[in-house]
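Residues 631 to 742 (the working numbering) are what the sequence shown spells out, left to right.
By construction, the Cβ of each residue, glycine as well, lies at the ideal position given by its N, Cα and C atoms.
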Amino acid sequence: YAQHNFPTTTFNEKNDWKYEVAAMESSSYMEMSPLMEWFTGNIGYHHIHHLNSRIPFYKLPQVMKEMPELQNAKTTSLKPKDIIACFKLKVWDPEQNRMISLRELNTQLQTA
631 YAQHNFPTTT FNEKNDWKYE VAAMESSSYM EMSPLMEWFT GNIGYHHIHH
681 LNSRIPFYKL PQVMKEMPEL QNAKTTSLKP KDIIACFKLK VWDPEQNRMI
731 SLRELNTQLQ TA
């Protein structure tokens, strides 16, 4: 969840949608300790997984290391404050081009 609904994620309209852009802009690299990388099967390399799901989980770190284009991914972490921030994001706001919370949506609807 937190690797798709995070503060800097972006989504494009159908006519502007491109597979590679969606993989890099709408999914994240989640920073983890080596132990958590092992425990989760390297799911932190989520943007690479979305670019090519046929890459085995144990090769994901190597792919990122060897391809500079993949090293500037949008990043999230397992820090509680970051996870909580991700859980609050529920709705895509196309006018602001970002995810917003239900509280923000309610405020927008009341002032409209």
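**Q.** Pairwise C-alpha distance: ASN645 and ASN727
**A.** Sequence index remark: in the sequence shown, residue 727 carries index 97 (1-based). Sequence index remark: in the sequence shown, residue 645 carries index 15 (1-based). Cα to Cα, the separation comes out at about 16 Å.
(Q) Would the segment 722-741 count as touching the segment 702-713 if we require 3 or more Cβ pairs under 8 Å? (A) Touching, no.
Q: Kindly identify the DSSP beta-bridge partner or partners of THR706.
A: Taking the sequence shown and counting its residues from 1, the one referred to as residue 706 is at position 76. BP columns for THR706 point to MET660.
Q) Would the beta-carbon of LEU690 fall within 7 Å of that of ASN672? A) Within the sequence shown, the letter at position 60 stands for residue 690. Within the sequence shown, the letter at position 42 stands for residue 672. Yes, Cβ-Cβ distance for LEU690 and ASN672 is below 7 Å.
Q: With a cut-off of 8 Å on the beta carbons, I'd call SER658 and GLN633 a contact; round off their distance for me.
A: As a working note, residue 658 is residue 28 in the sequence shown. As a working note, residue 633 is residue 3 in the sequence shown. 5 Å between Cβ atoms; contact.
**Q.** Cβ shell of MET666 (< 8 Å), same chain only, five flanking positions each side left out
**A.** Within the sequence shown, numbered from 1, the residue matching residue 666 stands at position 36. The residues GLY674 and LEU708, in chain order, have a CB closer than 8 Å to that of MET666 in the same chain once the five nearest residues on each side in sequence are set aside.
(Q) Let me confirm a value: MET743 is counted as buried when at least 16 other C-beta atoms fall within 10 Å, else exposed. Which label applies? (A) Missing from the structure shown is residue 743; the chain here goes from 631 to 742 and no further.
Q.
Checking 7 Å against the spacing of the C-beta atoms, do TRP722 and PHE636 come in under that value?
A. Walking along the sequence shown from the start, residue 722 turns up at place 92. Walking along the sequence shown from the start, residue 636 turns up at place 6. No, the Cβ-Cβ distance between TRP722 and PHE636 is not below 7 Å.
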